[in-house]
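Residue numbers (this note's numbering): 1 to 233.
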């Protein structure tokens, strides 16, 4: 499989959020712009990228995993979306809700970047109460096809939230550590305004974002995204 687009994250260099916020926090693609050493001796002014290092928000989706519906990269073809990461806490028993959302254009402006619409696409279910220093792994795999004629996505998604011990074995000690798993169909989800006059190139783009919500904010809450990409055979 070849990678069509991806966040620059890995297990060695994840995108990490957490802390005291109890609101939805979006992951971002590395490197953040704050690490570009602007003004350091011998460092030229960086060339600005509209995507690299930007953090998606309710007001702007810049920084999302973009699906360019007008460039014919994936028109009428199957592709796979991967999302995986890990969450942990050091105190308390918060739950964590990992989520993948689809980003579609604002109906009023037609913009997919300014005040776009976010809709739950995968996961979005809270874990059982976490145990201090016992990480939870989460992952989602979506096998999809985009139809330029209808502007819809169809396919199958699978996701899990799995608690593990330090040695990597799945914990099986009751409700506090039971894994969640889900396999569902994606049927005709409207992702883009259908083309008119047979011109699929008039479809606006859309995209995907990934994030987490902790039920209770805490300084020891942490979630890291290690994979977020679209691949195709």
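Glycine residues also receive a C-beta, built at the ideal position from the N, C-alpha and C atoms.
| Asked | Found |
| --- | --- |
| Please report the distance separating the alpha-carbon of residue 101 from that of residue 3. | 20 Å |
| Can you tell which of 25, 156, 157, 82 has the C-alpha that lies nearest to the C-alpha of residue 56? | 25 |
| Kindly indicate which residue of 67, 20, 7, 140 has the alpha-carbon position closest to the one of residue 215. | 20 |
| Can you list, in chain order, the residues of its chain whose CB lies under 6 Å from that of residue 97, leaving out five sequence neighbours each side? | 126, 213 |
| How would you write the range of the beta strand (DSSP E) that residue 63 sits in, first residue to last? | Segment: none, residue 63 is in no beta strand (DSSP E) and carries neither H nor E. |
| Report the three-state DSSP secondary structure of residue 82 (helix, strand or coil). | strand |
| Thinking just about the alpha-carbon of each residue, which of 227, 28, 83, 90 is nearest to the one in residue 61? | 28 |
| Between the alpha carbons of residue 117 and residue 22, how many angstroms are there, rounded? | 21 Å |
| Where residue 175 and residue 162 are concerned, what is the direct C-alpha to C-alpha distance, given to the nearest angstrom? | At residue 175, the pLDDT of 41 sits below 50, so the modelled position is not reliable; the number obtained from the coordinates is stated separately. Approximately 12 Å between the Cα atoms of the pair. |
| Residues in the same chain with beta-carbon distance under 7 Å from residue 90, minus the five sequence neighbours each way, listed in chain order, please. | 132, 133, 220 |
| Nearest CA to the CA of residue 229: which residue from 16, 59, 67? | 67 |
| Hey, residue 92 and residue 218: beta-carbon distance below 8 Å or not? | yes |
| Does DSSP put residue 136 in a helix, in a strand, or in coil? | strand |
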